[in-house]
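Everything in the sequence shown is counted per the numbering used here, starting at 3 for the first residue and increasing by one. The beta carbon of each residue, even a glycine, is placed where N, CA and C say it ideally should be. Take a look at the structure set out below.
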Amino acid sequence: MLRPRRLAPLLLAGAVLNIPAALAGPQDAPPADPSPADSSPAAGPPFEKFVLPIGGTPWKDWTIVNYVDVDPKFRGVRDARGGAYTYDFHEGIDYTLAHFAAMDRGVPVFAAADGTVVDAEDGHPDRNAGDTTDPKNRAKTPPNLVRIDHPGGVRTAYLHLRKGSITVKPGDRVTAGQKIAEVGSSGNSSDPHLHFEVYQAEGANPQQIARRGGVLVATLEDPEHWWRDPLPYAAEMTGALDHGVTHAELTEESVRDRPADAVSFASRGPAGGPDRTVRVWARLYGLKKGDKLTFDVLDPNGRPAATKTFTTDEIRYGWWSYELELPVRVDPGRWTVRATRNGKPLFTDAFLVNSRSE
3 MLRPRRLAPL
13 LLAGAVLNIP
23 AALAGPQDAP
33 PADPSPADSS
43 PAAGPPFEKF
53 VLPIGGTPWK
63 DWTIVNYVDV
73 DPKFRGVRDA
83 RGGAYTYDFH
93 EGIDYTLAHF
103 AAMDRGVPVF
113 AAADGTVVDA
123 EDGHPDRNAG
133 DTTDPKNRAK
143 TPPNLVRIDH
153 PGGVRTAYLH
163 LRKGSITVKP
173 GDRVTAGQKI
183 AEVGSSGNSS
193 DPHLHFEVYQ
203 AEGANPQQIA
213 RRGGVLVATL
223 EDPEHWWRDP
233 LPYAAEMTGA
243 LDHGVTHAEL
253 TEESVRDRPA
263 DAVSFASRGP
273 AGGPDRTVRV
283 WARLYGLKKG
293 DKLTFDVLDP
303 NGRPAATKTF
313 TTDEIRYGWW
323 SYELELPVRV
333 DPGRWTVRAT
343 RNGKPLFTDA
353 FLVNSRSE
């Protein structure tokens, strides 16, 4: 299971830098209610390759946090590429948004291929962010979901959907790329994301078919077979889903909601005042163990005001923040924050300092 990690506070020259990092990938659990035993996918026409089941731009609007765990052993964690982009007994792909604000804008979920809807469940709360490691949550918080049967004895499942967003019902015929719902955080979910599962009937034992609709498939094992346009392996991608500058205190909850952007800060006033503390946050993905993550702060004239470099652990998805206490007097104008990973740009942000006193 993924568990939170936090980096120790770090000191910037002339300022305080505090960068807690949370390693917190969404934790999924199988839905409590099994599929009907007589609804397993039937053989038929050849399999049709999948389109992406989620809208938006990969690695910009969302990132992949988890794949199927292909290691059958208890506490054995391994994705199909031999990496650790999964957790114990995880059964799908997690396409994860930056925060609830992104979810609220409405991110569509698409049918991955032509098929027939065999199950649709809606009406459950969709803003969950509880302790996903507690097995008791699996029965208490069922997800909104859709399951679809496709040619070739293939079934797909779409979990944690947004309440009230499902547009299909059992028996409906759908086409590849058709919107069927929106991304949410219903069920046993820690962040807004789409959990996408694939099953195949051939070779399945009766218990597997009755419970889930077939044998679990890790499409990462053979992306060219399963996907029209295979994505890069998530471990090869690094970036920022979102970032900002705020007056607000930064916590796991506030970052999950997305902190309100700051309008401006005062150029004069006591250090540590509410209008003198700059808080920068970022939702990052794909950092590797040993990466050098550097933050540079530049004044309105482009002169370095503060900098800090530290070495990261492997964190595939998490949030970072730092707190900069402005000195008693600083130059008014547009200040810049630049973040780099191993010397390459990661993101740039800015904040405005006005000619006023606190």
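Roughly how many angstroms separate the alpha carbons of residue i and residue j, rounded to a whole number?
| i | j | result |
| --- | --- | --- |
| tyrosine 97 | aspartate 90 | 18 angstroms |
| lysine 346 | leucine 328 | 27 angstroms |
| threonine 342 | phenylalanine 349 | 7 angstroms |
| lysine 275 | threonine 221 | For the sequence presented, residue 275 should be read as glycine rather than lysine. Going from the Cα of glycine 275 to the Cα of threonine 221 covers about 52 angstroms. |
| lysine 310 | valine 247 | 18 angstroms |
| arginine 278 | aspartate 124 | 46 angstroms |
| tyrosine 235 | proline 272 | 48 angstroms |
| aspartate 128 | serine 167 | 10 angstroms |
| glutamate 93 | arginine 77 | 14 angstroms |
| aspartate 231 | proline 74 | 28 angstroms |
| glycine 108 | tryptophan 61 | 17 angstroms |
| histidine 126 | tyrosine 319 | 26 angstroms |
| aspartate 174 | aspartate 63 | 29 angstroms |
| arginine 340 | arginine 149 | 44 angstroms |
| aspartate 298 | alanine 307 | 8 angstroms |
| aspartate 291 | serine 357 | Note that residue 291 is lysine in the sequence shown here, rather than aspartate. Lysine 291 and serine 357: Cα-Cα distance of roughly 42 angstroms. |
| phenylalanine 49 | aspartate 224 | 14 angstroms |
| threonine 88 | leucine 218 | 15 angstroms |
| isoleucine 317 | valine 70 | 18 angstroms |
| histidine 162 | proline 194 | 8 angstroms |
| tryptophan 322 | valine 282 | 8 angstroms |
| lysine 51 | asparagine 130 | 32 angstroms |
| alanine 31 | phenylalanine 102 | The predicted model places alanine 31 with a pLDDT of 44, which falls under 50 and marks its position as unreliable; any figure quoted below should be read in that light. Straight-line Cα distance between these residues: approximately 20 angstroms. |
| phenylalanine 312 | glycine 84 | 27 angstroms |
| alanine 100 | aspartate 315 | 20 angstroms |
Tell me whether residue i is buried or exposed, calling it buried when 16 or more other Cβ atoms sit within 10 Å of its Cβ.
| i | result |
| --- | --- |
| arginine 164 | buried |
| threonine 59 | exposed |
| glutamate 325 | buried |
| valine 330 | exposed |
| aspartate 244 | buried |
| valine 67 | buried |
| asparagine 303 | exposed |
| alanine 122 | buried |
| histidine 377 | Past the edges of the chain, shown from 3 to 360, lies residue 377, and the structure says nothing about it. |
| alanine 352 | exposed |
| arginine 258 | buried |
| arginine 260 | buried |
One question on the structure: do residue i and residue j come within less than 9 angstroms of each other, judged by their Cβ atoms?
| i | j | result |
| --- | --- | --- |
| leucine 300 | tryptophan 337 | yes |
| valine 332 | serine 256 | no |
| valine 170 | valine 119 | yes |
| valine 185 | methionine 105 | yes |
| alanine 264 | valine 280 | yes |
| isoleucine 56 | leucine 147 | no |
| glycine 335 | tyrosine 287 | no |
| glycine 117 | valine 176 | yes |
Mapping DSSP to helix, strand and coil, what is residue i?
| i | result |
| --- | --- |
| valine 299 | strand |
| arginine 340 | strand |
| proline 110 | strand |
| leucine 222 | helix |
| valine 67 | strand |
| valine 156 | strand |
| tryptophan 61 | coil |
| lysine 346 | strand |
| phenylalanine 267 | strand |
| phenylalanine 312 | strand |
| proline 43 | Because proline 43 sits at a pLDDT of 46, beneath the cut-off of 50, its placement in the model cannot be relied upon, and the following sentence gives the value as read from the coordinates. If DSSP states are grouped into helix, strand and coil, proline 43 belongs with coil. |
| alanine 103 | helix |
| aspartate 90 | coil |
| glutamate 325 | strand |
| alanine 131 | coil |
| aspartate 244 | strand |
| aspartate 351 | strand |
| asparagine 356 | strand |
Inter-stretch contact at 8 angstroms, needing at least 3 Cβ pairs: the segment 179-198 / the segment 99-113: These segments touch.
Under 8 angstroms, with one C-beta from each stretch per pair, do the segment 141-160 and the segment 193-200 reach the 3-pair mark? Counting Cβ pairs under 8 angstroms, three or more are found: they touch.
Mind the definition here: the segment 141-154 touches the segment 182-196 only if three or more C-beta pairs lie below 8 angstroms; say whether that holds. Output reads yes: the segment 182-196 touches the segment 141-154.
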